[in-house]
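Reading through the structure tokens given below for one structure.
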Amino acid sequence: MSHTAEWKVRLHLFEEEGTTKARVVLDTGTTSLTGHGAAHRNPADTDTPEIGDELAAGRALHDLARQLVDTAERDVVAMEPATARREAPSPLGWPL
1415 MSHTAEWKVR
1425 LHLFEEEGTT
1435 KARVVLDTGT
1445 TSLTGHGAAH
1455 RNPADTDTPE
1465 IGDELAAGRA
1475 LHDLARQLVD
1485 TAERDVVAME
1495 PATARREAPS
1505 PLGWPL
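The sequence shown runs 1415 to 1510 under our numbering.
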């Protein structure tokens, strides 16, 4: 079975009083998920916006990744027959 899809990701970064905040929005065409991340600069540290951007963006992407894995796990479980869900949980067929 061949499958092709294009998902759109938008990453928004902004800084407020030494804190860089990131929001990443994934649009699959049928679903939208939003991840959030932040990086806090110690006032004694050199002001290097790139580092705050990298940390906040990485944390937002990590949050988004966790949400995607959680969604996939729920979808796999939902596809199991109801009788299988009542018995002892079987290992999922997809490595997660």
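In this text, a Cβ means the ideal position worked out from N, Cα and C, and glycines have one as well. Note that this is a predicted model, so its numbers are computed, not measured.
How big is the Cα-Cα spacing for residue i and residue j?
i, j, result
"L1447", "R1424", "11 angstroms"
"T1485", "V1491", "10 angstroms"
"K1435", "A1452", "4 angstroms"
"A1458", "D1441", "39 angstroms"
"H1450", "R1473", "7 angstroms"
"P1495", "R1488", "13 angstroms"
"F1428", "S1416", "39 angstroms"
"E1464", "M1493", "43 angstroms"
DSSP three-state label for residue i, please.
i, result
"R1455", "coil"
"G1472", "helix"
"A1492", "helix"
In the DSSP assignment, find the beta strand (DSSP E) that holds residue i and state where it starts and stops.
i, result
"T1460", "Neither: T1460 is in no beta strand (DSSP E) and is coded neither H nor E."
"H1426", "K1422 to E1430"
"A1436", "T1433 to D1441"
Buried or exposed for residue i, going by 16 or more other Cβ atoms inside 10 Å?
i, result
"R1437", "buried"
"G1432", "exposed"
"G1466", "buried"
"A1419", "exposed"
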